[in-house]
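Add 28 to the 1-based position in the sequence shown for the numbering used here, that's all there is to it. Glycine is no exception: its CB is placed at the ideal position from the N, C-alpha and C atoms. Notes for the one structure printed next.
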Amino acid sequence: MEYYEINGGRRLVGEVVVHGAKNSVLPLLCATALADGVSVLHNCPSLSDVEASIAILRHLGCRVTREGTTVTVDASCLSRSDVPDVLMREMRSSIIFLGAILARTGEADVSMPGGCELGPRPIDLHLSALRKLGAGIEQRGGRLRCTGGTALCGAEITLTLPSVGATENIMLCACAAEGVTVICNAAREPEIVDLARFLRAMGAHIQGEGSGTVRIEGGRGKLHGCEHRVIGDRIVCATYLSAVACAGGEASLTGVEPEQLAAVTGVLRDAGAEILATAPDALTIRRDRPLDGGVVVRTSPYPGFPTDAQPVVMAALCNARRSSLFVETMFENRYRHVDELRRMGADIRVEDRVAVVGGTETGLRGAAVEAHDLRGGGALCVAALGAAGTTILTGLAHIRRGYASLPEDLRALGADITLHTEQN
Ligand code: EPZ
Numbered sequence: 029m030e031y032y033e034i035n036g037g038r039r040l041v042g043e044v045v046v047h048g049a050k051n052s053v054l055p056l057l058c059a060t061a062l063a064d065g066v067s068v069l070h071n072c073p074s075l076s077d078v079e080a081s082i083a084i085l086r087h088l089g090c091r092v093t094r095e096g097t098t099v100t101v102d103a104s105c106l107s108r109s110d111v112p113d114v115l116m117r118e119m120r121s122s123i124i125f126l127g128a129i130l131a132r133t134g135e136a137d138v139s140m141p142g143g144c145e146l147g148p149r150p151i152d153l154h155l156s157a158l159r160k161l162g163a164g165i166e167q168r169g170g171r172l173r174c175t176g177g178t179a180l181c182g183a184e185i186t187l188t189l190p191s192v193g194a195t196e197n198i199m200l201c202a203c204a205a206e207g208v209t210v211i212c213n214a215a216r217e218p219e220i221v222d223l224a225r226f227l228r229a230m231g232a233h234i235q236g237e238g239s240g241t242v243r244i245e246g247g248r249g250k251l252h253g254c255e256h257r258v259i260g261d262r263i264v265c266a267t268y269l270s271a272v273a274c275a276g277g278e279a280s281l282t283g284v285e286p287e288q289l290a291a292v293t294g295v296l297r298d299a300g301a302e303i304l305a306t307a308p309d310a311l312t313i314r315r316d317r318p319l320d321g322g323v324v325v326r327t328s329p330y331p332g333f334p335t336d337a338q339p340v341v342m343a344a345l346c347n348a349r350r351s352s353l354f355v356e357t358m359f360e361n362r363y364r365h366v367d368e369l370r371r372m373g374a375d376i377r378v379e380d381r382v383a384v385v386g387g388t389e390t391g392l393r394g395a396a397v398e399a400h401d402l403r404g405g406g407a408l409c410v411a412a413l414g415a416a417g418t419t420i421l422t423g424l425a426h427i428r429r430g431y432a433s434l435p436e437d438l439r440a441l442g443a444d445i446t447l448h449t450e451q452n
């Protein structure tokens with residue numbers, strides 16, 4: 029068994045460089061499959077989801093190497109268009125390979141993706157959009173067999189909701205579709221902007237990323253490899269900000285754009301933390317007096333408050349004096365950390381999508397808890413750092429999907445966190 033032992037109640041002080049964004053690097057790795065050449069990605073975090081994407085690229089015939097945080101993908105030798113079920117199940121974003129493989133080879137044979145269990149996560153928007161571009165998609169025996177990729181045609185596609193993954197799949201596939209594709213109600217997340225920049229560096233013609241309308245002029249020749257630096261992970265940064273807000277202290281976080289965290293820093297400031305953007309890629313947070321709380325957090329697509337930051341900010345607010353209210357609008361089942369936080373003394377009531385986090389006079393206390401999903405794991409770490417006594421945290425495989433160096437980074441801030449590995 030593996031677990032973190034966290035002795036909480038220490039102020040967190042110091043500086044951390046936030047690693048590259050999981051939710052950027054995954055679609056970027058899919059995009060490397062479009063190039064008839066070599067792509068180099070810098071600032072690639074060492075995460076199990078990244079390794080899963082690399083395994084898919086290798087299965088497709090690409091040559092992939094890693095040196096530190098630089099991953100090099102030679103997709104000139106890509107020779108297959110299928111992804112085995114066992115690789116598809118590793119993570120949700122395996123579905124983004126669908127658009128990329130279809131665009132590159134003209135066909136694709138994949139299965140339904142895996143990922144964190146946050147409630148139903150349909151892919152209807154992905155499939156209807158690819159059909160609109162001219163793909164034939166047949167669903168049989170759990171497999172998705174796609175054809176028609178050599179005769180794709182640009183189209184106007186209106187998403188009924190701004191799905192991040194569907195926007196990415198369309199952007200990749202549309203690079204090979206003759207003519208103009210316009211995505212209306214496209215996702216506006218920074219990771220979409222990063223993908224558009226990468227595709228442009230590969231020779232694609234894309235405009236409008238970061239707005240609700242993305243325009244792709246496709247089919248204008250082969251894409252080539254390029255070199256790119258992945259943006260910093262805003263959710264990892266939100267986790268460390270929440271840790272300092274929960275435990276108290278003063279920290280500087282670099283490698284992320286403060287603007288991309290505006291919704292999170294706004295809430296933490298309203299709750300009583302002092303946060304400043306000190307450089308184009310740095311933030312400082314300071315929390316000396318007890319956290320006040322008293323905030324309302326409603327998750328929504330970017331630039332709204334990110335659903336991925338809801339668990340970690342909730343954990344910090346469990347240590348505040350006054351109550352706060354959360355409304356989770358994106359996923360049905362994203363309060364799985366709540367029962368675990370209750371074990372640590374948190375006073376949280378949940379009714380459907382609403383959670384009321386009561387204030388605490390006595391503060392959180394350490395307990396034995398288990399992560400049931402990635403950001404829930406981040407949340408339990410945050411709570412443990414602000415809790416009196418020792419927390420034993422299991423479920424580390426979830427955490428490794430999205431945090432490349434959680435114990436190391438937290439130790440750099442003075443946290444007492446140790447990884448234990450015990451033979452059963
Ligand atoms: C991305 O997931 C992120 N994952 C998630 O981060 C994040 O929570 C989510 O966007 C929302 O910001 C990656 O980027 C790899 P969506 P994605 O499609 O693309 C519904 C993390 O912790 N929907 O924007 O899967 C869906 O059910 C992870 O790092 C449909 O109904 O999210 C959800 O309610 C977890 N039909 C909403 O849209 C579809 O075809 C938003 O989902 C697609 C989505």
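Identify, in the order they occur along the chain, each residue of the same chain with its Cβ nearer than 6 angstroms to the Cβ of residue i, setting aside the five sequence neighbours on each side.
i, result
"Leu57", "Ser81"
"Ala415", "Gly36, Met372, Leu392, Arg393 and Gly394"
"Pro435", "Ile445 and Leu447"
"Asp113", "Ser139"
"Arg117", "Gly142"
"Val66", "Asp102 and Gly253"
"Val324", "Leu353"
"Gly322", "Arg350"
"Pro329", "Pro190"
"Leu180", "Leu161, Gly162, Ala204 and Ala205"
"Pro286", "Ala305 and Leu311"
Would you say the beta carbon of residue i comes nearer than 7 angstroms to a heavy atom of the ligand EPZ?
i, result
"Asp336", "yes"
"Arg219", "Checking the displayed sequence, the identity of residue 219 turns out to be Glu instead of Arg. Indeed, a heavy atom of the ligand EPZ lies less than 7 angstroms from the Cβ."
"Leu408", "no"
"Asp380", "no"
"His365", "no"
"Gly48", "no"
"Ser121", "yes"
"Gly423", "no"
"His448", "no"
"Ser191", "yes"
"Asp152", "yes"
"Leu54", "yes"
"Ala80", "no"
"Asn51", "yes"
"Gly430", "yes"
On the premise that residue j lies in contact with residue i, defined as a C-beta separation below 8 angstroms, what is that separation, rounded to the nearest angstrom?
i, j, result
"Arg120", "Arg159", "At roughly 21 angstroms, the Cβ-Cβ gap does not stay under 8 angstroms, so Arg120 and Arg159 are not in contact."
"Val378", "Leu353", "Not a contact, Cβ separation roughly 11 angstroms."
"Gly238", "Asn213", "That pair is no contact at about 14 angstroms."
"Ala205", "Gly247", "6 angstroms"
"Ala407", "Met342", "6 angstroms"
Does the Cβ of residue i have 16 or more other Cβ atoms within 10 Å, making it buried, or fewer, making it exposed?
i, result
"Leu304", "exposed"
"Gln338", "buried"
"Thr195", "buried"
"Gln235", "exposed"
"Val410", "buried"
"Asp152", "exposed"
"Gln288", "buried"
"Asp336", "buried"
"Glu43", "exposed"
"Ala396", "exposed"
"Pro218", "buried"
"Pro308", "exposed"
From residue i to residue j, what does the alpha carbon distance come to, in whole angstroms?
i, j, result
"Thr267", "Arg297", "15 angstroms"
"His400", "Leu62", "34 angstroms"
"Arg60", "Val101", "Reading off the sequence shown, one finds Thr at residue 60, where the question assumed Arg. If you take the alpha carbons of Thr60 and Val101, they lie about 7 angstroms apart."
"Arg317", "Arg403", "26 angstroms"
"Ile123", "His70", "23 angstroms"
"Leu40", "Val264", "16 angstroms"
"Glu356", "Tyr431", "22 angstroms"
"Arg86", "His47", "24 angstroms"
"Val292", "Thr418", "28 angstroms"
"Gly169", "Asp137", "12 angstroms"
"Ala425", "Gly96", "21 angstroms"
"Ala412", "Ser74", "24 angstroms"
"Gly182", "Gly127", "14 angstroms"
"Gly193", "Ala290", "22 angstroms"
"Leu155", "Asn197", "9 angstroms"
Using C-beta distances below 8 angstroms, list every residue in its chain close to residue i, excluding the 5 sequence neighbours before and after it, in chain order.
i, result
"Arg370", "Ile376"
"Val78", "Lys50, Val53, Leu54, Leu57, Cys72 and Val99"
Near residue i, what residues of its chain come up, given a Cβ to Cβ distance below 7 angstroms and the 5 sequence neighbours on each side ignored?
i, result
"Val45", "Thr282 and Gly283"
"Ala229", "Cys254 and His256"
"Asn347", "Cys274, Leu319, Thr388, Gly391, Leu392 and Gly414"
"Glu135", "Ser109, Cys174, Thr175 and Gly177"
"Ile84", "Val111, Leu115, Ser122 and Phe125"
"Ala131", "Leu62, Gly177, Leu200, Cys201, Cys203 and Ala204"
"Arg364", "His400, Asp401 and Gly404"
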